[in-house]
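Everything below concerns the one structure shown next.
Residue numbers (my numbering): 7 to 232.
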């Protein structure tokens, strides 16, 4: 199973290019109302593309707008999805772990590995798994593709009642080699528009009973042994 090809099919209807091919380049540009920047520590050619926004409503009746960005190379793929909700949503470790775990299960993982790094200075969850290796014949095998997923909220904050909430959700899934994905996540920064921050400050926290106090032990991106 090739996850890169699967996601490419799902990401049809791309709008315009944010950047063309790059060589170990620093990328920065608008993704909807956000400014996204990151480094691609690679010499391979890749293309960064921003999709047209879409909108929807959650099962609990919360409206949202979604902005997607893809980073495509010949054999690899990364997808960044920014979702802006009309009210603050739970963004603690438990919520992000649920997102990452289920995304990797949907991609074909049996028991994905989960970590709790800090991404963009915020609490995050990162997970990974590798597809089964392919037998090439004559005793030779090819290692299966690596899949990494991560989730965090770039505008999340801890409220006085202990709830950790944000109006923006950022999710990343990548099939690039770990060294490239690691550097992308390590340098990733999402600049949230000032109006979104103002709306969050004025809004009453949703699901405020969920406490994030015990989930604040974040750490740097893990040294994953792959």
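All C-beta atoms in this analysis are idealised placements derived from N, C-alpha and C, irrespective of residue type, glycine included. Everything numeric in this text was worked out from a predicted model, so none of it was measured.
If the five residues before and after residue 134 are omitted, its C-beta is found closer than 7 Å to the C-beta atoms of 118, 119, 152, 153, 154, 230, all from its own chain and listed in chain order.
Nearest to residue 51 by alpha-carbon distance, out of 115, 41, 69, 186, is 186.
Between the region 159-177 and the region 77-92, the count of Cβ pairs shorter than 8 Å is three or higher; the stretches touch. Distance from the CA atom of residue 111 to the CA atom of residue 48, rounded to whole angstroms, is 28 Å. For residue 185, no beta strand (DSSP E) run applies; the uninterrupted alpha helix (DSSP H) run containing it begins and ends at 184-193, by DSSP. In the DSSP secondary-structure assignment, residue 134 is bridged to 119, 154. Using a Cβ distance threshold of 9 Å, residue 54 and residue 77 count as a contacting pair. Beyond the five residues adjoining it in sequence on each side, residue 71 comes within less than 6 Å, by CB distance, of 59, 61, 90 in the same chain, given in chain order.
Residue burial annotation: residue 57 is buried, with at least 16 other C-beta atoms found within 10 angstroms of its C-beta.
Residue 45 is a Cβ neighbour of residue 31, given a cutoff of 9 Å. Assignment of residue 107 by DSSP, reduced to helix, strand and coil, places it in the helix class. Of the residues 95, 86, 87, the one whose Cα lies closest to the Cα of residue 69 is 95. If the five residues before and after residue 138 are omitted, its C-beta is found closer than 7 Å to the C-beta atoms of 150, all from its own chain and listed in chain order. Linking residue 97 to residue 80 through their CA atoms gives a straight-line distance of about 34 Å. Residue 82 and residue 65 have their C-alpha atoms roughly 33 Å apart. Note on residue 116: under 16 other CB atoms within 10 angstroms of its CB, so exposed under the neighbour-count rule. Annotation for residue 75: 37, 56, 86 place their beta carbon closer than 6 Å to its own, counting only its chain and skipping 5 residues before and after. Per the C-alpha coordinates, the member of 171, 113, 33 positioned closest to residue 99 is 171.
If you look at residue 95, you'll find it in the beta strand (DSSP E) that goes 83-96. Between residue 84 and residue 165 a beta carbon distance of about 32 Å is seen, past the 8 Å cut, so the two are scored as non-contacting. Shown here for residue 104: not one same chain residue has a beta carbon closer than 7 Å to its own, the five before and five after excluded. Look at residue 49 here: in three-state DSSP terms it is coil, with no helix or strand label.
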